[in-house]
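For the sequence shown, this note's numbering begins at 1442 and goes up steadily by one. Beneath this line is the structure, given in structure tokens, with notes to follow.
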Amino acid sequence: MNSREATSLDRALSRVCELCPVCLHARHYQKGMVHSFVRNIEDRICPFCQAYERVHGKKAHEPRD
């Protein structure tokens, strides 16, 4: 996790990840091709997944509480 504090832009980008059907599927089922896809793109490619991690303190593929 990045040590900087989440900004309002981070929260807005994170909201996109929260509503993303691909990320929702990965968070819910925790296995399969979609889960692997999200695990591989979240850190390097997707700005929404990166913002999700900064705001929530967990990866986009990890289950919500």
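Where a beta carbon is used, it is the ideal one built from N, C-alpha and C, also for glycine.
Residue burial classification, residue i (beta-carbon count within 10 angstroms, cutoff 16)
i: Ala1501; result: buried
i: Ala1453; result: exposed
i: Arg1445; result: exposed
i: Asp1451; result: buried
i: Ser1455; result: buried
Nearest neighbour of residue i, chosen from the options [CA to CA]
i: Pro1504; options: Glu1483, Asp1484, Gln1471, Gln1491; result: Gln1471
Three-state secondary structure assigned by DSSP to residue i
i: Ser1461; result: Going by the sequence as given, residue 1461 is Cys instead of Ser. DSSP places Cys1461 in coil when its eight states are reduced to three.
i: Ala1453; result: helix
i: Cys1490; result: helix
i: His1476; result: helix
i: His1497; result: helix
Contact belief for residue i with residue j at Cβ below 8 Å, rounded distance in angstroms
i: Ala1467; j: Val1475; result: 5 Å
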